[in-house]
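Down below is the structure, laid out as structure tokens.
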Amino acid sequence: MDSVQPHGYLSQVTAAKAFLTDCLDHHGAICAQEEVGYLPHRVVDFATGDDEVLRLHIPESRTREKYVALSYCWGQTNHFVTTSQNLTQHQQSFKLSSLPRTLQDAVKMTRGLGLQYIRIDALCIIQGRDEAAVKDWSLQVSHMGDVYGNAHVTISATASSHADEGFLPSPCSLSSSRSQVGRRHLAVSLRSLRKEYVNTRAWCMQEYLLPRRVIVLTLQGVIWQCQNGIVKGPDTQNWSFFPSSYQYRLLPKPEAPDWGNILQGYSCRNLTNPRDKFHAVAGLARRYRDAAGDRYVAGLWESQFLESLLWHHASQNQYILPPPIHGRPEKYRPPSWTLASINGYVYLMDMRTCQ
-3 MDSVQPHGYL SQVTAAKAFL TDCLDHHGAI CAQEEVGYLP HRVVDFATGD DEVLRLHIPE
57 SRTREKYVAL SYCWGQTNHF VTTSQNLTQH QQSFKLSSLP RTLQDAVKMT RGLGLQYIRI
117 DALCIIQGRD EAAVKDWSLQ VSHMGDVYGN AHVTISATAS SHADEGFLPS PCSLSSSRSQ
177 VGRRHLAVSL RSLRKEYVNT RAWCMQEYLL PRRVIVLTLQ GVIWQCQNGI VKGPDTQNWS
237 FFPSSYQYRL LPKPEAPDWG NILQGYSCRN LTNPRDKFHA VAGLARRYRD AAGDRYVAGL
297 WESQFLESLL WHHASQNQYI LPPPIHGRPE KYRPPSWTLA SINGYVYLMD MRTCQ
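Its first residue numbered -3, the sequence shown is counted upward by one per residue in my numbering.
Okay, structure coming up:
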């Protein structure tokens, strides 16, 4: 088991770049993209000639370029966003120093990886409640699966509970171990896992499962994950595995139990806006539909519809993540028989145990 002991932010960037290079050079077809993905509708562009100046780039046509996607928790402090009023100004320029710390760190990490573009939702989706913002959100959310699925690599700021917190630059240890090919097994201590805030958020689940490669910034340091089943992270002493729902990695051709793994893991997570219950998993649903050729019915699949109705609230102590909000949402979320109609842990029963 190889191990390096980086200290501070620059060492984390160096380690992440080394992992990316190793993946590209040695993991072969399983991690390779057939073609470089298309840039999303908007990305943050660093090629301004000034390291302090960024701009919002809108490709004039479909353009294949490597880019980074960021998965993080906004919190209540993420006030620097793109709106209908400042969209034109952001396309011209804005300062790196004006961004919350997590976003600044993501820009620095992306530059350290040698890439020019990063996709950050607060900057690349028009925020607000005006007509233009609502229309843009509806358009962008329908492409969320492509945004993360086509990214060259995704940065997951798991340890940051809000945008101003940034990546913790504490000393970290990185090591590697091989897991089952095609599956992603992430091991961290129970103590640190409870503090990894991203793992409690619903939107962040598909942002974690859809990318080919993920750089995970935990309280203990950098973890590298990719399609090859490689995990490189903190010292393995006293580690405990994620619950089975978090060991899951969406396979190229998912089978019936795979969606159950998704739903059980998804139900452990919270939403700021309960109306996003279906939206926040839509990218995974499209990936599953394209691979399995099944019909999607309010969060369930036609081929396993009856089995999927055998669900119930699970005991909180079956999981190691912080507890989600429980009960019915204030506003009715139809239909009542689907898992999405409630908040809280959900367990799917095995029909073989019900006979």
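The beta carbon of each residue, even a glycine, is placed where N, CA and C say it ideally should be. Computed from a prediction, not measured in an experiment: that's the story for all the values here.
Contact check, residue i vs residue j, beta carbons under 8 Å
i    : j    : result
Y262 : M345 : no
I211 : W199 : no
F163 : L213 : yes
Y343 : H308 : yes
L109 : V149 : yes
C69  : R197 : yes
Y63  : A159 : no
Q85  : D41  : no
Pick from the options that is closest to residue i, judged by C-alpha positions
i    : options                   : result
L267 : V210, N195, E303 and G217 : N195
L280 : G225, Y341 and N257       : N257
G225 : C19, C69, A12 and L6      : C19
A12  : G340, R107 and G295       : R107
E192 : F76, V49, A147 and S67    : S67
S156 : H139, S337, A147 and L99  : L99
D47  : F90, E61 and N146         : F90
W372 : D272, V218 and D290       : Only positions -3 to 351 of the chain appear in this structure, which leaves residue 372 out of reach.
Inter-residue Cα distance where the pair is residue i and residue j
i    : j    : result
I114 : V293 : 34 Å
E56  : Y34  : 12 Å
A102 : I151 : 7 Å
F237 : S80  : Confidence at F237 is low in this model, with a pLDDT of 44, below 50, so the placement of that residue should be treated as unreliable; the coordinate-derived value is given next. Each residue's alpha carbon lies about 44 Å from the other.
L205 : G124 : 28 Å
P96  : E303 : 45 Å
V137 : N269 : 14 Å
Q300 : Q8   : 44 Å
L259 : A129 : 29 Å
G141 : G45  : 32 Å
V39  : I54  : 7 Å
E298 : D286 : 14 Å
H37  : D126 : 20 Å
A65  : R51  : 16 Å
Q314 : G340 : With a pLDDT of 47 at Q314, under the threshold of 50, the modelled position of this residue cannot be trusted, and the question is left open.
H139 : L335 : 23 Å
Which residues DSSP lists as bridging residue i, in chain order
i    : result
F90  : L50
T150 : A65 and V210
W255 : According to DSSP, which records beta bridges pairwise, W255 is partnered with nothing at all.
N266 : R197
R283 : According to DSSP, R283 bridges with nothing at all.
Y292 : W297
Between the segment 20 to 31 and the segment 114 to 125, do three or more beta carbon pairs fall short of 8 Å? Cβ pair count under 8 Å is below three, so no.
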